[in-house]
Structures are given as structure tokens and as C-alpha cells.
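Trainee: First the structure, then my questions, so here it is.
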Amino acid sequence: MSVRFCAVVVTCVSVSQTLAAQSRWDRQVDARITQAGATLQGRAYRLAGLVGRGTLNTGESATFAITLPAGAETALTGVCDDDCADLDLSLSTNGYDIDAARGGGNAPIVRVTTAAPTTYTVTVRMASCRVNPCWFAVGVFRQALTTRPPSR
Amino acid sequence: MARQLRWWIAAPLGACLAIAIAYLPPRPMPLLGQRFFRVFQTFEPPTPYRLRVQELAQRYRITSFELTMREYGEAMRTELDRRRALELPGPTVYFAGPDSLSDSARSLVRALLGTAWSQLGLGASKISVGVVVRVVFDRPPGGESPAHMPAADAFLLPDSTNRATCLAYVPIIYWGRAGVLRQIHPAPSKELAELLRNGLGTCAYFAAFGAPGHDIGRWLESRHYEFALDPWGLRVPPESTRAGSLLDEDKPWFWSFVYRYQPGAVECMAGRADACRRTAVAGGSRDLVPVVSAERQWWKPPSLAGADRYLADLVDDIGPERFGRFWNSELPVDTALATAMRMPVGEWTRRWQATIVPPIRLGPVAPPSALVLATLLGVAAVVLVMLTATRRQVR
């Protein structure tokens, strides 16, 4: 009981410290991720984590690797702070683009359904940032598997 | 032709040639005048070996400075993060060097930097600024600058490893002289406030406007941010910049220093707008380093007279909002500048340059004093010939 209580306290303290150390722009990005989660929840997607986050100047890009399990439909969404006007996102494997969202504003979404566990490269590019650098994050949302009634 | 007559023809021609060599451009100053300032002419161009050694030494100094500043940056990290999270305006201050500075002196430095920050209209910024202040009271043995650090303001700009922090290094060097910070309870002084304000230098631009756009950033980086060394809102009149650049036309060394500038800069001083544009937008060195130094080398003048305050005066002229659009623009430098200035770059630069250095005259024009002297010498020669001719005797 006491060990569990201590663990909860330690977790709460560390989470609050992390939140407290966040800048205004980090908080804007977090709010956008939450907003995207609320939008995608209507389509049975749930936030599975962040592929990456950081800062980019206009014209710069960052890449992250992500391994997706087989079966589930996955959506990746890029978000950025209030100074960001345009963010591009693309998903590729073995050099081939699987899906890409470019020039469509500051909340790009790409989707993929994997037949087998595959490692993808996520490329995020800051197409337009009014005051460099702009904070960004890429969230992974997985569609919850719908359980069908067993057929007889 | 008689031998004597040939002599009389050759002598005035020779005299005219001597006068022409002595007085006509490209030398803007008579040879006799130059002799008095031989002290500035005695520096021979360095040999290739010496240039290579100097280049290596410079690289070493830059790397050493970068390393030291990164260590200071690590020491300031917690405070930088805290200030950013709490959106506290103002720079994070770190005192380097010996701990002989009194607490009140430290508080004064912090207060003056905070005041400078608010005077520049800066609030909580995306790019945080850390200021490393090093006060040196006594001259180190051997006369070297402390720990091979620069003797003037220097900056470690944000880069790919740390995009959101700009570090400024502000040395305050007394070297045995009396100074405000030597006192136990120092009072604020105008000089110290200006020194600390200018110490924010290039970092002030990053704090106010973020990192520059791609082309603008490359242009500034290639020129080692020489146009963005002074923060805007300068209370220093252009005349003092003129004197600081040794370009006071009332001083006898004026022309010597004018011709130390590159030809484009000299043309710009003469009011040629095209040369001003070329010099202003030209790319610089390919040696790109994240370190910017405001150290002056009087034998190596900047690309334009008063270049340190070029962008500072531009901010004051067009306002921070329009300047911010230029700074973050993705347009080519020339177009972005012209859009911000709302006039051709050459024209704005020509007008700005005229506030720093009164326009000079270039071209094959002898100075009036030389013309008068040459005319007098010519008249004297003609009179002498006439007198000789009147006394000529035919044998």
C-alpha cells in the first residue's frame, strides 16, 4: 500500500515538474495534440503516443522511425505552435512514400494500414513558420479494433 | 633646334610631369602629406605562411570559445528552462571568472540587463538569451585576454543542436583602471548601461525576431552577422560611429582610412547607389561558424563604414514589425530588403551611409589647393622663360 502510494506521488511530482518545465510553445503543441485526439476519437482512433517532437526553422525537416504492428489502421498527425502556418508530413518505407500531406496547413494527417509489422520513416517538414523556430510534434493514433460477433 | 631651346622645352614639361605625379589621383593626398602619416603605411602584406598561421589560430580561438560557451550554457540550462517555462522576460545572467564581484555589483548588472531588455521591447522570447558576464579587474600576466576569451562582445548563436538559446559573452575589462563595478555598492552609470545593452547585440535580434529565414540567415552568417552587431534603438549618434571608424573628415588620417575599405565601400561613401547595393547584399565568407565576434580590427575594416549598426538603423527606420517580416522572409536577400525598405536597397543604403560618412568625391579631380599651386608654378615657369628670352643675346 505504502509502496504504491509512494510510486503514485513520485509519478505525480515528475509529471508536474515536466509540465512546469514546458514552455508556452510546448503547451500549444500539447493542446493541439489533445485537440487532434478529440477529433479523431469520433472515428475510433486513440492516441498511442508521440513519434517525436522538437523545433524546426522554416524549410528544415526531421525524420523519425516508427514500427507499426500488423492489422490496425494508424493515423499520424503533425501539430505545431501558433506561429506555424504550414507543416508537411510524409510516411515512407524503403524509400517509397506510403502517404503524404503537403501544403495543406498546420495539421497534416497521414494514414496507413499495415499487413505485417513494418518500420516506417516519418518525415516532418516545417514549410512555413512566422517566427523561427516553431515547435512541433507528431502523434500516433490507432484505430481500436472493432469486435465482430462470432458467426455461426 | 638649338640645344638650349630643347632644354627650355624639356624642363617645363618635366616640371609639369612631376606636379601631375604628385597631385593627381588616384592618391587623394599629396605625396608630401602622406609622408607625415607613414606610420599607417609601414605594414607590409603578410606572407601566405603567416596568413595560414593566423587562420589556424583564429579557428582555434573560435573552437575554444565555442566549447567554453557551451559549458556556460549547460551551467545556465536549468535557469533558462525555468525562465522559459514561467515566461519571465529578460536574459539569464551568468558571472564567469573569479568571484571577486560583490553581490550588489551582480545585482546591478542583472538590473541593467533587465532594463536594456525592456527598452528593446523584448518580452518572453522563443529564443532565450543567456549572458555570460566576465569582469576582469587586473591585467593577467603576459597581457593576454583571460583564458583566451575574446576581449570584446561575442555570441554563440542558436544552431541545430540548440535552436532556442543564444549566448552572449560580455567582457568588462578594467585592467587596473577604476570602474563602477569595483565599488562595493556600485551606482548605475550610463557607460555601463550602454555596454551591457550593446552586449545583447546579435542575440537581441534572435530574441525579438527568432532565427532568420533561410536566405537571410545564410547571407548574415556568411558575413559573420557584421550588420547585426548593435541592437536597435541606438542612442549613439552617427557622428560617434564616424569617429569610432576613424572616418572623421576633419582629421588628417581621413583618406588613409577611407582607402582601407574595399572599393565597393569607398564607392558607397561617394554616394554611388549601385555600389551600395552590391556591397550590402553581397555574400561573404564560406567559412560558416556559429560564433560571432564584435572584436574590431582597425586594419581590417568592415564591408561598409558603420556596418555594425546597419540593421539597427533599419529597425529604427522601418519599425520592428516590418523588420520582423524581413528577418523571417524566405525571399532572396535583395528582394526581402527592398520590400522592407520600400525602396531600392542601394538608395536606402546610400542615404544611410551619408549619415555615417559625409559623401566623398571620387574621380580625377585635383584638390583646389593643388590646382592653385600648380597654376602658380606654371605661371612662374612661364615668367622665368619670358625673362630669360628677353635677355637672350644673339652671338
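Keeping their order, the protein sequence lines are chains F and B. For what it's worth, this note's numbering labels the leading residue of the first sequence as 15, then goes sequentially. For what it's worth, this note's numbering labels the leading residue of the second sequence as 599, then goes sequentially. Just so you know, even glycine gets a beta-carbon here, dropped at the ideal spot from N, CA and C.
Any contact of the segment 148–155 of chain F with the segment 56–64 of chain F, i.e. 3+ C-beta pairs under 8 angstroms?
Mentor: They touch, by the three-pair rule.
Trainee: Assuming contact is defined by CB atoms lying nearer than 8 angstroms, are Thr763 (chain B) and Ile814 (chain B) in contact in what I supplied?
Mentor: no
Trainee: Can you tell me which residues form a DSSP beta bridge with Met140 (chain F)?
Mentor: F:Leu101
Trainee: So the alpha helix (DSSP H) Ile916 (chain B) belongs to, where does it begin and stop?
Mentor: First-last of the alpha helix (DSSP H) with Ile916 (chain B): 908–916.
Trainee: Tell me, please, whether the CB atom of Phe807 (chain B) is closer than 8 angstroms to any CB atom in chain F?
Mentor: yes
Trainee: Kindly say whether Ala683 (chain B), judged by its beta-carbon, lies nearer than 8 angstroms to any beta-carbon of chain F.
Mentor: yes
Trainee: On a Cα-Cα basis, can you pick out the residue from B:Ala952, B:Asp906, B:Leu779, B:Leu818 that is closest to Asp846 (chain B)?
Mentor: B:Ala952
Trainee: Could one say the Cβ of Ala762 (chain B) lies closer than 8 angstroms to chain F's Cβ atoms, at least one of them?
Mentor: yes
Trainee: Give every residue of the same chain whose Cβ lies closer than 8 angstroms to the Cβ of Gln31 (chain F), excluding the five residues on either side of it in the sequence, and list them in chain order.
Mentor: With a pLDDT of 45 at Gln31 (chain F), under the threshold of 50, the modelled position of that residue is not reliable, and no figure is offered here.
Trainee: Where does Pro966 (chain B) sit, in a helix, a strand or coil, going by DSSP?
Mentor: Correct three-state label for Pro966 (chain B): helix.
Trainee: Measuring only between beta-carbons, confirm whether Arg46 (chain F) sits less than 8 angstroms from chain B.
Mentor: no
Trainee: Going by beta carbon distance, what residues of the same chain come within less than 6 angstroms of Glu865 (chain B), once the five residues before and after it are set aside?
Mentor: Ala873
Trainee: So Trp149 (chain F) is in the beta strand (DSSP E); what residue range does that whole segment cover?
Mentor: 148–157
Trainee: For Cys20 (chain F), would you say it is in contact with chain B, using Cβ-to-Cβ distances shorter than 8 angstroms as the test?
Mentor: A caution first: Cys20 (chain F) carries a pLDDT of 45, below 50, which makes its placement in the model too unreliable to give a value.
Trainee: Can you list, in chain order, the residues of the segment 131–157 of chain F whose Cβ is nearer than 7 angstroms to any Cβ on chain B?
Mentor: Arg144, Val145, Asn146, Pro147
Trainee: Any beta carbon from chain B within less than 8 angstroms of Arg38 (chain F)'s own beta carbon?
Mentor: yes
Trainee: Can you pull the chain F neighbours of Glu824 (chain B), defined as C-beta to C-beta under 7 angstroms?
Mentor: By Cβ distance, chain F contributes nothing, its closest Cβ being about 21 angstroms from Glu824 (chain B), past 7 angstroms.
Trainee: Note down, in chain order, every chain F residue with its Cβ under 9 angstroms from the Cβ of Glu919 (chain B).
Mentor: Chain F residues near Glu919 (chain B): none, gap ~12 angstroms exceeds 9 angstroms.
Trainee: Tell me the DSSP bridge mates of Ala76 (chain F)?
Mentor: F:Val138
Trainee: Would you mind working out which of F:Pro147, F:Val126, F:Cys94, F:Val138 sits nearest Leu82 (chain F), comparing C-alpha positions?
Mentor: Measuring C-alpha to C-alpha distances from Leu82 (chain F) to each of F:Pro147, F:Val126, F:Cys94, F:Val138 identifies F:Val126 as the nearest.
Trainee: What do you reckon, are the CB atoms on Tyr59 (chain F) and Leu105 (chain F) nearer than 8 angstroms?
Mentor: No, they are not a contact pair.
Trainee: Straight-line CA distance for Pro122 (chain F) to Glu87 (chain F)?
Mentor: Straight-line Cα distance between these residues: approximately 17 angstroms.
Trainee: I'd like to know if the segment 786–804 of chain B and the segment 748–756 of chain B are in contact, where contact means that at least 3 CB-CB pairs between them fall below 8 angstroms.
Mentor: Touching, per the Cβ criterion.
Trainee: Buried or exposed: which applies to Ile80 (chain F), given that a residue is buried once 16 or more other Cβ atoms fall within 10 Å of its Cβ?
Mentor: buried
Trainee: How many Å lie between Ala616 (chain B) and Gln602 (chain B) at the Cα?
Mentor: 21 angstroms
Trainee: For a contact defined as C-beta to C-beta under 7 angstroms, what are the partners of Gly721 (chain B) on chain F?
Mentor: Contact note: Gly721 (chain B) does not reach chain F at a C-beta cutoff of 7 angstroms; the least C-beta distance is about 11 angstroms.
Trainee: Counting only beta-carbon separations shorter than 8 angstroms, does Gly73 (chain F) have a partner in chain B?
Mentor: yes
Trainee: Which class does Phe753 (chain B) belong to by DSSP, given the choice of helix, strand or coil?
Mentor: strand
Trainee: With burial defined as no fewer than 16 other Cβ atoms inside 10 Å of the residue's Cβ, what is the status of Ser716 (chain B): buried or exposed?
Mentor: exposed
Trainee: Consider the Cβ of Thr77 (chain F): report whether some Cβ of chain B lies at a distance smaller than 8 angstroms.
Mentor: no
Trainee: Note down, in chain order, every chain F residue with its Cβ under 8 angstroms from the Cβ of His812 (chain B).
Mentor: Asn71, Thr72, Gly73
Trainee: In three-state terms, what does DSSP make of Ile771 (chain B)?
Mentor: strand
Trainee: Excluding the five sequence neighbours on either side, which residues of its own chain have a C-beta within less than 6 angstroms of the C-beta of Val124 (chain F), listed in chain order?
Mentor: Leu90, Leu103, Leu105, Asp113, Ala115
Trainee: When the Cα of Val913 (chain B) is compared with those of B:Gly719, B:Gly831, B:Pro888, which residue comes out closest?
Mentor: Distances from the CA of Val913 (chain B) to each of B:Gly719, B:Gly831, B:Pro888 were compared; the closest alpha carbon is that of B:Gly831.
Trainee: Can you name the start and end residues of the alpha helix (DSSP H) that Thr88 (chain F) belongs to?
Mentor: Per DSSP, Thr88 (chain F) belongs to no alpha helix (DSSP H); it is in the beta strand (DSSP E), 87–94.
Trainee: For Gly917 (chain B), count the other beta carbons within 10 Å of its own beta carbon; 16 or more makes it buried, fewer makes it exposed. Which is it?
Mentor: exposed
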